[in-house]
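> Just so it is clear: in the sequence shown, position 168 is 168 by the working numbering, and no numbers are missing. C-beta: ideal position from N, C-alpha, C; glycine also. It should be emphasised that the depicted structure is a prediction, and the values quoted were computed from it without experimental measurement.
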Amino acid sequence: MTASSRTSRAQSFNTAAAQYAANRPSYPPALFDAIEDLAGQPLTGARVADIGAGTGIATALLYARGADVVAVEPGDGMAAQFRRAHPGIPIIRGDGNTLPLVTSSADFLTYAQAWHWTDPAQAVPEAMRALRPGGALALWWNTDALDVPWIAEAADRTGRYFGVNVPAEKRAVNAQVVDPTGRLDFARREVRWSRRVPIETHLANLGSHSVLLVQSEETSAAFLAEERNHLTRTFPDGMVEEVYDVILLLATNP
């Protein structure tokens, strides 16, 4: 993804914040268990900054876990949706490249579906600056479980339709990509989970992804109409079994 493409796709969410909030998948409790296990410290009572918080899907779960959490979000539309949904959680405008955080102020920095929108050359030193010694940087992504046949077929259709390599975008999440300097020592966990949702919810979830949001309305609508036909044949009861692997990378600040 080029820098200009990354910027365009990152900003595209602001026009679809309500759709994003209503239809995107959440994260399983086992993910937060894994974060605590790898970090060697609990989230309860921890000072957490959730960067690229979007509409607050992860932020709310961290809050429910007992964290003293603040959201950091650059987008107007996403921040407005966050405030409507989570009026009791503070939110600061900013991004991962220039964190609006005091040095050594955070026990955890979390990036849910957000690190790939940063420039690691800036984001890595910024994260280490904001974390206290021994604090943890946790990055995670809900990725499609491509070993599930219907999901692999859907990814192939998406790739052919939009000229993107879906497996590369979804699964090429590793320490070398997120920190090309090799400064950080990441531990990795994968957590599989699933949810059953109506076909229309699944389609709305697809429509909230940046690869569709940057298309024309006509192009996106045509693709989603084709997907509806495939899904109706695959799930005649109208309920889609979405299966995800949450990829977690966690590194501690020396």
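Going by Cα to Cα distance, which pick from G56, V246, R228 is closest to N280?
Nothing in the structure corresponds to residue 280, since the chain is present only between 1 and 254.
> If you draw a straight line from the alpha carbon of E126 to that of T98, how long is it in whole angstroms?
Within the sequence shown, numbered from 1, the residue matching residue 126 stands at position 126. Within the sequence shown, numbered from 1, the residue matching residue 98 stands at position 98. Going by the C-alpha atoms only, they are around 7 Å apart.
> Name the two residues that bound the continuous beta strand (DSSP E) containing A106.
By 1-based counting over the sequence shown, the position of residue 106 is 106. Note, A106: beta strand (DSSP E), 106 to 112.
> Excluding the 5 residues flanking E241 on each side, which residues of the same chain have their C-beta closer than 7 Å to its C-beta?
Start at 1 with the first residue of the sequence shown, and residue 241 comes out as number 241. Hits under 7 Å: S194, R196.
> Kindly list the residues whose CB is nearer than 6 Å to the CB of V173, restricted to its own chain and excluding five residues on each side of it in sequence; keep chain order.
Taking the first residue of the sequence shown as 1, we reach residue 173 at position 173. Only W141, I247 meet the Cβ criterion.
> Should S104 go down as buried or exposed, given a rule of 16 or more other Cβ atoms within 10 Å for buried?
For this step, residue 104 is matched to residue 104 along the sequence shown. So S104 ends up on the exposed side.
> Counting Cβ pairs closer than 8 Å, one from the stretch 56 to 68 and one from the stretch 80 to 96, do we hit at least three?
Yes, they touch.
> From R183 to L109, what distance separates their C-alpha atoms?
Residue mapping note: residue 183 aligns to position 183 of the sequence shown, counting from 1. Residue mapping note: residue 109 aligns to position 109 of the sequence shown, counting from 1. Roughly 17 Å separates the two Cα atoms.
> Where does L224 sit, in a helix, a strand or coil, going by DSSP?
The count along the sequence shown starts at 1 and reaches residue 224 at position 224. It is helical.
> Taking C-beta to C-beta, are A136 and Q81 nearer than 8 Å?
Against the sequence shown, residue 136 aligns to sequence position 136. Against the sequence shown, residue 81 aligns to sequence position 81. Going by C-beta atoms, A136 is not nearer than 8 Å to Q81.
> For N165, count the other beta carbons within 10 Å of its own beta carbon; 16 or more makes it buried, fewer makes it exposed. Which is it?
Mapped onto the sequence shown, residue 165 falls at position 165. By the neighbour-count rule (16 or more Cβ atoms within 10 Å), N165 is not buried but exposed.
> Using alpha carbons as the reference points, say which of A64, D37, N229, L31 lies closest to G45.
Against the sequence shown, residue 45 aligns to sequence position 45. Of A64, D37, N229, L31, the residue nearest in Cα terms is A64.
> Can you tell me whether DSSP reads N142 as helix, strand or coil?
In the sequence shown, residue 142 corresponds to position 142, counting from 1. The answer is strand: DSSP assigns N142 an E or B state.
> Counting Cβ pairs, one atom from each stretch, are 3 or more of them under 8 Å apart for the stretch 22 to 37 and the stretch 185 to 192?
They touch, by the three-pair rule.
> Taking only three categories from DSSP, how would you classify T219?
As a working note, residue 219 is residue 219 in the sequence shown. Reduced to three states, the DSSP call for T219 is helix.
> Just how far apart, CA to CA, sit T118 and V102?
For the purposes of this step, residue 118 is taken as the residue at position 118 of the sequence shown. For the purposes of this step, residue 102 is taken as the residue at position 102 of the sequence shown. Roughly 19 Å separates the two Cα atoms.
> Fully enclosed by the stretch 45 to 83, which beta strand (DSSP E) runs are 3 residues long or longer?
Correct list: 47 to 51, 68 to 73.
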